[in-house]
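Below: one structure, written as structure tokens.
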Ligand SMILES: Cc1cc2nc3c(=O)[nH]c(=O)nc-3n(C[C@H](O)[C@H](O)[C@H](O)COP(=O)(O)OP(=O)(O)OC[C@H]3O[C@@H](n4cnc5c(N)ncnc54)[C@H](O)[C@@H]3O)c2cc1C
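In the numbering used here, the protein residues as written are 461 to 844.
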């Protein structure tokens, strides 16, 4: 049964909520309660970076502060050659354990999904769903994430709570998410399932380029995935395309010019495109050119062109279940960028994915969670 009046309540024991709690305690704050919807905190952290937790990036805002924050908790970090930062142990569990053992003296109630927040004279009254339990506090940090990956507890509650308090929320969409072929499982591209390739990719809406990205693409049974596709998905303006014609164009040989590919294809061995790309992909492209042969100049030109501009019709994204982050959220206009407070209600803070901020893959989304959590927790402890 929830009882008592706390100085601070944090809704959500994920990345930003735990960072906020640590910073609050470090800055001298007392009497903080964390309410977490799942049966334990930090479930999503364990799944990040394929279990390794890509916690930051050398080019992320606040990188030095984040590395120092974790060093202060006894976790050393290491960057890979592309600048992605991981715990030195290469295990996400090190991050979870460090945060939760620092917070061992802090009250944490799990299995409490907050569904109502009411402003009262001295602060806030907070209720959990399915019960009449309520808690009260002077300050409130909403760290309950976005709508992406609901299996880890995030169901968009931050946005309904924000709206109920009169805070503007920008429209939300799944981001860092696989894309579906227009014909889904019936697409002839389904044969490419399992193929991985390096690519430069661009996304077009009705022929107009909306964005580009580089990295690995993975072909699945009904669509495309991988880092490059995740990064492109941030440009999608709707979950399913009804009216717009969406095309992803892949350059499947980004290091080579078209002329260089043509030269390779003329080689004596006659192995064709499989000298340049994955064999399954090579055979698929050659199969689309009935007369492909190494002495057919026109067909060779076409093969090289297809490799440099491999167009895929897209029907939409795989949606919230498979998305890693949320695009949209609590409007930046509502938040003081220095303190993390809401302009309208200074005792109220929003952190992490609840905010209208999303980034490409590589550790930038967690960086945002740590940084906004640290900011809000520190300010909540030191402000009057
Ligand atoms: C599979 C996967 C892999 C990822 N890998 C990376 C990566 O390697 N690097 C990177 O930078 N980003 C990664 N991300 C994104 C990153 O994890 C998130 O952006 C980040 O965790 C957001 O932090 P947050 O504190 O806002 O929310 P979360 O970490 O999502 O935490 C929110 C918490 O609030 C709880 N909650 C929700 N609603 C309520 C409620 N009503 N009441 C109480 N509690 C509630 C949830 O259960 C959850 O514990 C990944 C995401 C996924 C899904």
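Backbone N, C-alpha and C define an ideal beta-carbon position, used for all residues, glycine too.
{"query": "Through-space distance from residue 725 to residue 620, alpha-carbon basis", "result": "57 Å"}
{"query": "Length-filtered (4 minimum) alpha helix (DSSP H) runs lying within the segment 647-704", "result": "687-693"}
{"query": "Sequence-distant residues of its chain with Cβ nearer than 8 Å to residue 580 (five each side left out)", "result": "596"}
{"query": "Residue interval of the alpha helix (DSSP H) (run including residue 747)", "result": "739-747"}
{"query": "Selected residue, minimal CA-CA separation from residue 517, among 510, 527, 663, 601", "result": "527"}
{"query": "Local conformation of residue 798 per DSSP, three classes", "result": "coil"}
{"query": "Where the alpha helix (DSSP H) containing residue 831 begins and where it ends", "result": "824-842"}
{"query": "Residue 743 versus residue 730 - alpha carbon distance", "result": "13 Å"}
{"query": "Minimum C-alpha distance to residue 557 - residue among 609, 575, 500", "result": "500"}
{"query": "Coil, strand or helix - residue 813 by DSSP", "result": "helix"}
{"query": "Span of the alpha helix (DSSP H), counted from its first residue to its last, around residue 617", "result": "617-624"}
{"query": "Residue 711, enclosing alpha helix (DSSP H) - first and last residue", "result": "Where residue 711 is concerned, there is no enclosing alpha helix (DSSP H), although the beta strand (DSSP E) it sits in stretches over 706-711."}
{"query": "Limits of the alpha helix (DSSP H) - the one that residue 717 falls within", "result": "Neither: residue 717 is in no alpha helix (DSSP H) and is coded neither H nor E."}
{"query": "Segment limits, beta strand (DSSP E) that includes residue 770", "result": "770-777"}
{"query": "Rounded separation between residue 483 and residue 530 - CA only", "result": "11 Å"}
{"query": "Buried versus exposed call for residue 524 [16 or more other C-beta atoms within 10 Å across all chains shown]", "result": "exposed"}
{"query": "Residue range of the unbroken beta strand (DSSP E) whose run includes residue 865", "result": "Absent from the structure is residue 865, since the part of the chain shown begins at 461 and ends at 844."}
{"query": "N-terminal and C-terminal residue of the beta strand (DSSP E) that residue 639 is part of", "result": "639-641"}
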